[in-house]
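Numbering (our numbering), first residue to last: 23 to 138. Take a look at the structure below.
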């Protein structure tokens, strides 16, 4: 921090203090993904993945909504989530267990086999 430093209050800045341009950050992320041998992925795509992983882990939708900073959990669910096959299987297993009185064996977000 020298005389040229401009205190903008941002955490991630250019060397002299002003904020980083969002496109520059996105470009750097794409470059790092390329160097790591990963497929082209937008930085924003990480939000979709994080939301989906949180839900697959059984995190409540309200917590996911607040983590992403959305005003509506419906928007979060509609826009930022997808159903992983394992979660769909777990939901089917849990639903199938109900008529047999085995609902206590099926936990949300966990694959439970009804086969003994």
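Ideal placement from N, C-alpha and C gives every residue a C-beta, glycine not left out. It should be emphasised that the depicted structure is a prediction, and the values quoted were computed from it without experimental measurement.
Under a three-way DSSP split, which group does residue i fall into?
i	result
residue 41	strand
residue 128	Residue placement at residue 128 cannot be trusted, given a pLDDT of 49 that sits under 50; the coordinates are not used to answer.
residue 98	helix
residue 35	strand
residue 90	helix
residue 72	helix
From residue i to residue j, what does the alpha carbon distance come to, in whole angstroms?
i	j	result
residue 44	residue 64	12 Å
residue 28	residue 90	29 Å
residue 38	residue 46	16 Å
residue 87	residue 93	7 Å
residue 25	residue 42	19 Å
residue 108	residue 123	22 Å
residue 121	residue 97	33 Å
residue 36	residue 60	26 Å
residue 103	residue 33	29 Å
residue 62	residue 81	28 Å
Relative to the C-alpha of residue i, which residue among the options is closest?
i	options	result
residue 95	71, 112 and 84	84
residue 79	110, 67 and 119	110
Given 8 Å, three or more beta-carbon pairs between the region 70-77 and the region 49-59: no
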